[in-house]
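Just so you know, we're using the numbering used here here: the sequence shown kicks off at 37 and counts up by one. The beta-carbon is built from N, C-alpha and C at its ideal position, and this holds for glycine as well. Given the structure is predicted, the values throughout are model-derived calculations rather than measurements.
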Amino acid sequence: YQCNAESGILCEKSGPTEIAWIPPLSLAAHYPSATSVPIVFTVTTYHGDKEIGSSAVTVTYAVPESVKPAVSLEVSDLMGCFAKYGAYVQKKSRLRIAVAASANQGARITAYRIEADGKNYTNSTAITEPISGSGDLTVKATVTDTRGRTETASLTIPAFPLPRELTRATSPPQAPGEV
Numbered sequence: 037y038q039c040n041a042e043s044g045i046l047c048e049k050s051g052p053t054e055i056a057w058i059p060p061l062s063l064a065a066h067y068p069s070a071t072s073v074p075i076v077f078t079v080t081t082y083h084g085d086k087e088i089g090s091s092a093v094t095v096t097y098a099v100p101e102s103v104k105p106a107v108s109l110e111v112s113d114l115m116g117c118f119a120k121y122g123a124y125v126q127k128k129s130r131l132r133i134a135v136a137a138s139a140n141q142g143a144r145i146t147a148y149r150i151e152a153d154g155k156n157y158t159n160s161t162a163i164t165e166p167i168s169g170s171g172d173l174t175v176k177a178t179v180t181d182t183r184g185r186t187e188t189a190s191l192t193i194p195a196f197p198l199p200r201e202l203t204r205a206t207s208p209p210q211a212p213g214e215v
C-alpha cells in the first residue's frame with residue numbers, strides 16, 4: 037500500500053486471494069485537513085517467481101469521528117472572591133478563563149470560542165468584566181481543528197449575589213436618613 041509518503045507490504049506472494057487489513061489511524065496524520073484518506077493498493081500477480089502483472093486501485097477511507105480535538109478549561113477569580121467566599125460573586129468577580137487544547141493525528145487547532153456570562157471570546161484565554169449573573173453559571177470552551185471537527189468542555193461555577201455588606205461598602209455615601 038501507499039499513503040502519501042508512507043508505504044508497506046501487506047503480504048508477499050501468498051496463496052490467499054483475500055486479505056483483511058485495517059488501516060492504522062496514524063495514516064490520517066498525512067492529511068491533517070481531510071476527513072478521508074486515499075490509500076493506493078497495488079496487487080502484483082506471480083506465476084512462481086515470474087511477475088505476470090500489476091494492478092493499482094485507490095480506496096478512500098474515512099477518518100473516524102473519534103479523531104477530534106481534546107479540550108479542557110480552567111476558571112479562576114482575578115478579584116479573590118472565590119478564595120474569600122468559596123464562590124464567585126456577582127458584580128465583583130472577574131473570571132480568568134484558560135483553555136488547553138490539542139488536535140489529533142496531525143491536525144492543528146484553528147479556532148477557540150469561550151462563552152461566559154453571556155459573552156463570547158475567540159482566544160485561548162479570556163478575562164471577563166465583573167460577572168453579571170448569580171446562581172450556577174456555565175463557562176464553555178469549544179475548539180475547532182483543521183478537519184473542521186469540534187470538541188467542547190464546560191464547567192458550572194457557583195456565583196453568589198452581591199453580598200449586602202459589599203453593596204454598602206461600594207455605594208456612594210447617602211444623605212442622612214437614607215439607606
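First and last residue of the uninterrupted beta strand (DSSP E) at residue i
| i | result |
| --- | --- |
| ALA152 | 145-152 |
| TYR82 | 72-83 |
| GLU165 | 161-166 |
| VAL95 | 86-98 |
| ALA64 | Here ALA64 belongs to no beta strand (DSSP E), and DSSP marks it neither H nor E. |
| THR192 | 186-196 |
| ALA134 | 130-138 |
Of the listed residues the options, nearest to residue i (C-alpha basis)
| i | options | result |
| --- | --- | --- |
| LYS104 | LEU191, ILE75 and THR178 | THR178 |
| THR78 | LYS127, SER138, SER129 and GLY89 | GLY89 |
| SER168 | LYS49, HIS66, SER62 and LEU131 | LEU131 |
| GLU42 | ALA119, VAL135, VAL93 and PRO60 | PRO60 |
| SER91 | HIS83, GLN141, VAL76 and VAL99 | VAL76 |
| SER50 | PRO68, SER69, TYR82 and LEU63 | TYR82 |
| SER112 | THR186, THR161, SER170 and ILE58 | THR161 |
| SER62 | TYR121, SER129, PHE118 and VAL99 | VAL99 |
| THR180 | ALA106, CYS117, TYR157 and ASP153 | ALA106 |
| CYS117 | ILE193, ASN40 and CYS39 | ILE193 |
| TRP57 | PRO68, ASN140 and ILE45 | ILE45 |
Rounded C-alpha distance that separates residue i from residue j
| i | j | result |
| --- | --- | --- |
| ALA147 | ASP85 | 55 Å |
| ALA65 | THR182 | 11 Å |
| MET115 | SER190 | 22 Å |
| GLU54 | ILE150 | 50 Å |
| LYS127 | LEU198 | 6 Å |
| ILE145 | SER138 | 7 Å |
| ASP172 | GLU110 | 16 Å |
| ALA136 | SER170 | 26 Å |
| ALA7 | GLU101 | The displayed coordinates of the chain run from 37 to 215. Any statement about residue 7 would go beyond what the structure contains. |
| ALA205 | ASN140 | Caution is warranted here: a pLDDT of 48 is assigned to ALA205, below 50, making its placement in the model unreliable, and the coordinate value is therefore given only provisionally. Looking at the two C-alpha atoms, the distance is approximately 51 Å. |
Run of the alpha helix (DSSP H) containing residue i, from where it starts to where it stops
| i | result |
| --- | --- |
| LYS120 | 117-121 |
8 Å contact criterion, which residue i and residue j should meet: CB distance rounded
| i | j | result |
| --- | --- | --- |
| TYR124 | ALA195 | 4 Å |
| LYS155 | THR164 | 7 Å |
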